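Let me begin by presenting the structure, written as structure tokens, before commenting on it.
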Amino acid sequence: MPAYIVGFFSSIQTLLYYIILYYIILYYIILYYILNYKVGDCLFPHYQPAFSFFPLSATRV
1 MPAYIVGFFS SIQTLLYYII LYYIILYYII LYYILNYKVG DCLFPHYQPA FSFFPLSATR
61 V
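So this is what it looks like as structure tokens:
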């Protein structure tokens, strides 16, 4: 296989890897906000969502 074809395919693979990584991060951010605000407000009304790394971690008002 010529070298430019191998380089082309490896660049496509790297691009796909970054796109998939971006969508996974975006999905977890959206999931975090949904869990923190929608589910958190329904289950724990007296808890306020905390801006921490873990979902559903809350601080008392």
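Mapping of the sequence shown onto UniProt numbering: residues 1 to 61, in sequence order.
C-beta atoms are modelled at their ideal positions from N, C-alpha and C, and glycine is treated no differently.
Since we're looking at a predicted model, the values are computed, not measured.
How far does the alpha helix (DSSP H) with residue i in it reach, from first residue to last?
i, result
"L26", "A3 to Y33"
Compute the Euclidean distance between the alpha carbons of residue i and residue j, then round it to the nearest angstrom.
i, j, result
"L15", "V6", "14 Å"
"I29", "I19", "15 Å"
"P2", "L21", "29 Å"
"I12", "Y27", "22 Å"
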